[in-house]
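**Student:** Line order of the protein sequences matches chains X and C.
The first sequence begins at 374 in my numbering and counts up by one.
The second sequence begins at 123 in my numbering and counts up by one.
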Amino acid sequence: MLNVKQLSGGYDPKKPIIKDISFKVEKGQFVGILGPNGSGKSTLIKVISGILAETSGSVLIDGKNRKDYSTKELARKMAVLPQLHAHAFSHSVRETVSIGRYPHQNSWFQTWSKDDEEAVATAMDQTGITQYTDQQLDFLSGGEQQRAFVAQALAQQADLLLLDEPTNHLDIEHQRKLMDMIRHEVVYHDLTVISIFHDMNLASLYCDQLILLENGQISSIGEPHEVLKEKHVMEVYHTKVSSYPHPVMPKPQVTLIPDFQEEGQASMTITSKQIKVKDEFVELQTMFPLKTISSAVHNAGFGWFQSFINRSVDKNYMCENAHEELKQYLEKHGFSPSNTVAMMTAVASKHVVIREYSSQVGSIVVAVTAGVGNAVDVSQAYKRVETTHVGTINTWVFVNGTLTDESFMQAMITATEAKVKALAVENIQDNISNTTATGTSTDSVLIAATQNGPFFEYAGTITGIGKLIGRGVFETTRIALQDYKRAKGVL
Amino acid sequence: MRKIVVGYIVAIFILLLSIWLGISVGSVKVPLSTLWDTEADEMATNILWNIRMPRVLLAGLVGAALAIAGAAFQGLLKNPLADPYTLGVSSGASVGAVMTLFFNISAPILGIFTLPTFSMVGAMLSLFAVIGFAKLVDRTMKMETLILTGIIMSSFLSAVISLMIALTGEELRQIISWLMGSVSMRGWPYVKMVWPFILIGALMLWFNRRELNAMLFGEERAKYLGVNVKRSKLMLLLGGSMLTGSAVAVSGTIGFIGLVVPHMTRLLFGADHRHLLPLSFINGASLLIVCDLVARIIIAPTELPIGVITSFIGAPVFAYIFFRQRRTKGA
Chain X
374 MLNVKQLSGG YDPKKPIIKD ISFKVEKGQF VGILGPNGSG KSTLIKVISG
424 ILAETSGSVL IDGKNRKDYS TKELARKMAV LPQLHAHAFS HSVRETVSIG
474 RYPHQNSWFQ TWSKDDEEAV ATAMDQTGIT QYTDQQLDFL SGGEQQRAFV
524 AQALAQQADL LLLDEPTNHL DIEHQRKLMD MIRHEVVYHD LTVISIFHDM
574 NLASLYCDQL ILLENGQISS IGEPHEVLKE KHVMEVYHTK VSSYPHPVMP
624 KPQVTLIPDF QEEGQASMTI TSKQIKVKDE FVELQTMFPL KTISSAVHNA
674 GFGWFQSFIN RSVDKNYMCE NAHEELKQYL EKHGFSPSNT VAMMTAVASK
724 HVVIREYSSQ VGSIVVAVTA GVGNAVDVSQ AYKRVETTHV GTINTWVFVN
774 GTLTDESFMQ AMITATEAKV KALAVENIQD NISNTTATGT STDSVLIAAT
824 QNGPFFEYAG TITGIGKLIG RGVFETTRIA LQDYKRAKGV L
Chain C
123 MRKIVVGYIV AIFILLLSIW LGISVGSVKV PLSTLWDTEA DEMATNILWN
173 IRMPRVLLAG LVGAALAIAG AAFQGLLKNP LADPYTLGVS SGASVGAVMT
223 LFFNISAPIL GIFTLPTFSM VGAMLSLFAV IGFAKLVDRT MKMETLILTG
273 IIMSSFLSAV ISLMIALTGE ELRQIISWLM GSVSMRGWPY VKMVWPFILI
323 GALMLWFNRR ELNAMLFGEE RAKYLGVNVK RSKLMLLLGG SMLTGSAVAV
373 SGTIGFIGLV VPHMTRLLFG ADHRHLLPLS FINGASLLIV CDLVARIIIA
423 PTELPIGVIT SFIGAPVFAY IFFRQRRTKG A
């Protein structure tokens, strides 16, 4: 569809802004152009579309050099939408869209045909502005105006659409509507789109291919996951970024990391004394949010939290919607639900075991509540029909240090292995299979790190921090289990 | 669509009404029947055909020319305050006309068209100078920049005219009255002198009506729509200068017609140039015929210069548009 060959050009022929740009776009593709301010994004669009002259190279549209098209022919092949604003005179929406039919009309006489009428109606329908037909453009919101401009470009019925930041100044609802609509045209009507984006994440969600420009040259080109690599983006934008998968879509997202550091955060350490044992729950409140991964009831998964609650409930606690009940409980006790991780246990809060461990690599705090009335041997669990007893081992590990995603996951494994070993040593039995239990059916683990201080790339069992976690969880869990046995009168 | 049809019908009706009033009202009442009644009073026939009719037609032509030129300038420059008068184009045309009149230039090939031709050249030169300078000041050509440049141009050209008048030592009253704008005592030669230019100029604008619509979205977008922007711009500037030049040549500087008429028309029927241009043409004719009538009878037997009347209407409208633009832009 579009073949850009070694294209250079700009405002001044002696100083080309874009240099030696080559890429191909197939029919029915959506290509996003990214790049810092002044990297030549708009200039590239202008040189491709012929508003600015190329100093070298060529642009082929459907195999034919752009220069060999007449202006109107070109306008039927390629619609370009620069950044537009409503102007001094107001047009109705219909008039605005109708102007898109200009290249299809005879120069001298009015020739408004059925095709024109249909194209305008379709374009308005696609962009969802049919209900504004007779309204004046300047009475519409920015998003609606932008849709009218896009409708004007669609009414040109060109196969190739070039857009310059179409979502500029739009809120996310209008961004989504506009991009969904364009994506729909790309997928179902084989429209080919090249669009400049300011927002990398939006481009990643909607584009098949991305082009990252730097100083007028292509820095990288490819599918979003190939272009939006942390290293690429950091080099081009001179900004620390972190890339992560979109929670729902199989597309990468990029977020910046501020250079600005607040004072005082560096001196924060978690100690066992900070964990308070209340009547109904065990609680830790921190000055700064901790990066956390957990299988807790409330706010499981990765997140940043300042309050950590392990709530004791009656062993007959039954609730249809434990999540909602727990949330209300947190609110009632003055915790912000979005800033709190909470677990539940049938073990009384006074039975919590809290211990601190340290070595030359750093320090951790471990807190465990253990109830094993529901102990299960994981290898025999398939023989069970249902759980009948209460009993949960809740394990908290607070690390004074910085963990990577990898070490967070390894810390989970290390803590779990240590717990299993503690159960084996304390000879906790699965009452159904009469084998050694490996846990209970509702165990929770939480790893939280201050994300400052020593850096731990890995947290496997024989790393420095892994050794602390392994030993800490093993010993703490043993004490908690012995305590449980004492309470039950077994010991 | 219906609204537009009504617009045309009403505009034509008003035009016919103003022509009728323009012909019949005055110090001597001339009944309309004089037009076809062969046995009508000789003096009435004389007044009708030799005084009132050419006067009304000239007023109509001048009004139409200024209004359509104003509409095109506004669209092209995306500036609601642009019109031949505020842009200083009328002053440029005046300089051309004054030079022809007072240096008694007569180009042999041009014949009776010498005056409008020089006027048009003056209009064109001043137009290019104003737009060129305004673009130098700021590339986006903000509304105020363009109007200020027009004022600078007008002041300078007025000084040029004053200097020429002082040097020639002619009787001032007549010249000043001409400068204030008037369509009185011109007769048929003047009508014959300008109508071809006005027709050609108006057609040049009309053929670019859809290009004007496209250019409202910016020259860049217009190019992407397949508009030959360079050619259209040149046609519009030439056509506008032609209309202004020929109007000024026969009637002097009559201000604000090109501002008031397109503004009112746009308010009622929208900014679509396919209709804005022809409607402004018709309404401009009607308005100037009526203004001329008022100028004739308001302090009869003395006649006011027509420019006084148009400025009385035009200046407040100018102020209103300026106020509204600034308020809505929040600038």
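No residue lacks a Cβ here, since even glycine has one placed at the ideal position from N, Cα and C.
1) Within the continuous beta strand (DSSP E) that includes Tyr730(X), where are the two ends?
2) Can you pull the chain C neighbours of Tyr475(X), defined as C-beta to C-beta under 9 Å?
3) Leaving out five residues before and five after Ser422(X) in sequence, what residues of the same chain have Cβ atoms less than 7 Å from its Cβ?
4) Quick one: using the 10 Å Cβ neighbour count with 16 as the cut-off for buried, is His395(C) buried or exposed?
5) For Tyr405(C) and Leu154(C), what's the separation of their Cα atoms in angstroms?
6) Using Cβ-Cβ distances below 8 Å, what residues of the region 386-405 of chain C are close to chain X?
7) Show which residues of chain C have a CB atom less than 8 Å away from the CB atom of Phe462(X).
8) From the DSSP output, in three-state form, read off Phe445(C) for me.
9) Report back the beta-carbon spacing between Gln569(X) and Ile418(X) to the nearest angstrom; my notes put them in contact at under 8 Å.
10) Can you confirm whether Val432(X), when its beta carbon is compared against all beta carbons of chain C, has any partner nearer than 8 Å?
11) Check the C-beta distance from Ile428(C) over to Ser304(C) and give it rounded, since I have them as a contact under 8 Å.
12) State the Cα-Cα distance for the pair Thr271(C) and Leu258(C), rounded to the nearest angstrom.
13) Between Val738(X) and the rest of its own chain, which residues show a CB-CB distance below 6 Å, the 5 nearest in sequence each way excluded?
14) Work out the CA separation of Arg124(C) and Tyr130(C) for me, nearest whole Å.
15) Which residue's Cα is closest to the Cα of Val621(X): Ser577(X), Thr768(X), Thr565(X)?
16) Take the Cβ of Ile555(X) as the centre, count every other Cβ of all protein chains shown within 10 Å, and call the residue buried at 16 or more, exposed below.
17) Roughly how many angstroms separate the alpha carbons of Leu819(X) and Pro623(X), rounded to a whole number?
18) Just verifying my parser: in three-state terms, what is the DSSP assignment at Gln509(X)?
19) So with Cβ pairs under 8 Å, would you call Ile569(X) a contact of chain C?
20) What residues from chain C crowd round Val453(X), counting only those whose CB sits closer than 7 Å?
21) Output, in chain order, the set of chain C residues within a Cβ distance shorter than 7 Å of Thr495(X).
22) Say whether chain C places a C-beta atom closer than 8 Å to the C-beta of Glu490(X).
23) Verify the CB distance criterion: does Ala453(C) have a CB-CB separation below 8 Å to chain X?
24) Would you say Thr444(X) lies against chain C (beta-carbon separation less than 8 Å)?
25) Output the distance between the C-alpha atoms of Ile406(X) and Val600(X), rounded to the nearest integer angstrom.
26) Who are the Cβ neighbours of Trp769(X) in its own chain at under 6 Å, not counting the five residues just before and after it?
27) At a CB-CB cut-off below 7 Å, which residues of chain C make contact with Ala448(X)?
28) Count the other C-beta atoms from every protein chain shown that fall within 10 angstroms of the C-beta of Lys688(X), then say buried if there are 16 or more, exposed otherwise.
29) Where in the region 641-685 of chain X do unbroken runs of the alpha helix (DSSP H), each at least 4 residues long, occur, reported from the N-terminal end onward?
30) Would you kindly check if the distance between the Cβ of Gly182(C) and the Cβ of Leu410(C) is under 8 Å?
31) Less than 8 Å between the beta carbons of Val217(C) and Ile269(C), yes or no?
32) Glu558(X) touches chain C at which residues, Cβ-Cβ below 9 Å?
33) May I ask you to report which of helix, strand or coil DSSP gives Asn800(X)?
34) To the nearest angstrom, how far is the alpha carbon of Ala453(C) from that of Ile443(C)?
35) Check each candidate in Lys723(X), Ala810(X), Asp532(X) and name the one with the smallest Cα separation from Lys794(X).
36) So, does the CB of Glu468(X) fall closer than 8 Å to a CB anywhere in chain C?
**Tutor:** If we stick to the structure as given:
1) If you number the first sequence from 1, residue 730(X) lands on position 357. 726-732 is the span of the beta strand (DSSP E), which, as asked, contains Tyr730(X).
2) Locating residue 475(X) in the first sequence gives position 102, counting from the first residue. In chain order: Arg332, Glu333, Asn335, Ala336, Ala344, Leu347, Gly348, Val349.
3) Taking the first residue of the first sequence as 1, we reach residue 422(X) at position 49. If we look at Ser422(X) and ignore the five residues flanking it on each side, its Cβ neighbours are Met451, Val453, Leu535.
4) Here the question's residue 395(C) lines up with position 273 in the second sequence. Label assigned to His395(C): buried.
5) Position 283 of the second sequence, counted from the start, is the residue given in the question as residue 405(C). Position 32 of the second sequence, counted from the start, is the residue given in the question as residue 154(C). According to the sequence shown, residue 405(C) is Asn rather than Tyr. As the crow flies, the alpha-carbon of Asn405(C) is around 22 Å from that of Leu154(C).
6) Arg388, Gly392, Ala393, Asp394, Arg396
7) Taking the first residue of the first sequence as position 1, residue 462(X) is located at position 89. The contacting residues are Gln196, Gly197, Lys200, Pro202, Leu338, Arg388, Ala393.
8) As a working note, residue 445(C) is residue 323 in the second sequence. Correct three-state label for Phe445(C): helix.
9) Locating residue 569(X) in the first sequence gives position 196, counting from the first residue. Locating residue 418(X) in the first sequence gives position 45, counting from the first residue. What sits at residue 569(X) in the sequence shown is Ile, not Gln. About 6 Å separates the two Cβ atoms, so the contact holds.
10) For the purposes of this step, residue 432(X) is identified with residue 59 of the first sequence, where counting begins at 1. Residue contact with chain C for Val432(X): absent (no Cβ-Cβ distance below 8 Å to any residue of chain C).
11) Indexing the second sequence from 1 puts residue 428(C) at position 306. Indexing the second sequence from 1 puts residue 304(C) at position 182. Taking the Cβ atoms as the reference, Ile428(C) lies roughly 6 Å from Ser304(C), within the contact range of under 8 Å.
12) Taking the first residue of the second sequence as 1, we reach residue 271(C) at position 149. Taking the first residue of the second sequence as 1, we reach residue 258(C) at position 136. Approximately 11 Å between the Cα atoms of the pair.
13) Position 365 of the first sequence, counted from the start, is the residue given in the question as residue 738(X). Excluding sequence neighbours, Val738(X) sits near Ile643, Ser645, Glu729, Phe771.
14) Working through the second sequence from its first residue, we reach residue 130(C) at position 8. Working through the second sequence from its first residue, we reach residue 124(C) at position 2. Cα to Cα, the separation comes out at about 10 Å.
15) By 1-based counting over the first sequence, the position of residue 621(X) is 248. Checking every option, the nearest Cα to that of Val621(X) belongs to Ser577(X).
16) As a first step, residue 555(X) is located in the first sequence; it is residue number 182 there, counting from the start. Flag for Ile555(X) reads buried.
17) The residue you call residue 819(X) lines up with position 446 of the first sequence. The residue you call residue 623(X) lines up with position 250 of the first sequence. Spanning the two alpha carbons is a distance of roughly 27 Å.
18) Working through the first sequence from its first residue, we reach residue 509(X) at position 136. Looking at Gln509(X) - three-state DSSP - the assignment turns out to be strand.
19) On the first sequence, position 196 is the one that residue 569(X) refers to. No, Ile569(X) does not count as interfacial toward chain C.
20) The sequence position of residue 453(X) within the first sequence is 80, counting from 1. Result: Tyr346.
21) On the first sequence, residue 495(X) is found 122 positions in, with the first residue counted as 1. Correct list: empty, because the minimum Cβ distance to chain C is about 18 Å.
22) Residue mapping note: residue 490(X) aligns to position 117 of the first sequence, counting from 1. No - not a single Cβ of chain C is within 8 Å of the one on Glu490(X).
23) Translated into positions along the second sequence, residue 453(C) becomes position 331. Any answer about Ala453(C) is weak, because its pLDDT of 38 lies below 50 and its placement is not dependable; what the coordinates show is given next. False, the Cβ-Cβ gap to chain X never drops below 8 Å.
24) As a working mapping, residue 444(X) is identified with position 71 in the first sequence. Yes, its Cβ sits closer than 8 Å to a Cβ of chain C.
25) Working through the first sequence from its first residue, we reach residue 406(X) at position 33. Working through the first sequence from its first residue, we reach residue 600(X) at position 227. Roughly 11 Å between the two C-alpha positions.
26) Working through the first sequence from its first residue, we reach residue 769(X) at position 396. If we look at Trp769(X) and ignore the five residues flanking it on each side, its Cβ neighbours are Ala740, Leu819.
27) Translated into positions along the first sequence, residue 448(X) becomes position 75. Ordered by position in chain C, the residues that pass the 7 Å Cβ test against Ala448(X) are Tyr346, Leu347, Gly348.
28) On the first sequence, position 315 is the one that residue 688(X) refers to. Flag for Lys688(X) reads exposed.
29) none
30) Taking the second sequence and counting its residues from 1, the one referred to as residue 410(C) is at position 288. Taking the second sequence and counting its residues from 1, the one referred to as residue 182(C) is at position 60. Yes, these two residues count as a Cβ contact at 8 Å.
31) For the purposes of this step, residue 217(C) is taken as residue 95 along the second sequence, with counting starting at 1. For the purposes of this step, residue 269(C) is taken as residue 147 along the second sequence, with counting starting at 1. It is not a contact, given that the beta carbons lie outside the stated cut-off.
32) As a working note, residue 558(X) is residue 185 in the first sequence. Simply none; closest approach about 18 Å.
33) Taking the first residue of the first sequence as position 1, residue 800(X) is located at position 427. Looking at Asn800(X) - three-state DSSP - the assignment turns out to be coil, as it is neither helix nor strand.
34) Start at 1 with the first residue of the second sequence, and residue 453(C) comes out as number 331. Start at 1 with the first residue of the second sequence, and residue 443(C) comes out as number 321. Its pLDDT being 38, under 50, Ala453(C) is placed unreliably in this model, and the value from its coordinates should be taken loosely. Between Ala453(C) and Ile443(C), the C-alpha separation is close to 14 Å.
35) Along the first sequence, read from residue 1 onward, the residue named residue 794(X) stands at position 421. Of Lys723(X), Ala810(X), Asp532(X), the residue nearest in Cα terms is Ala810(X).
36) On the first sequence, residue 468(X) is found 95 positions in, with the first residue counted as 1. So yes, Glu468(X) belongs to the interface.
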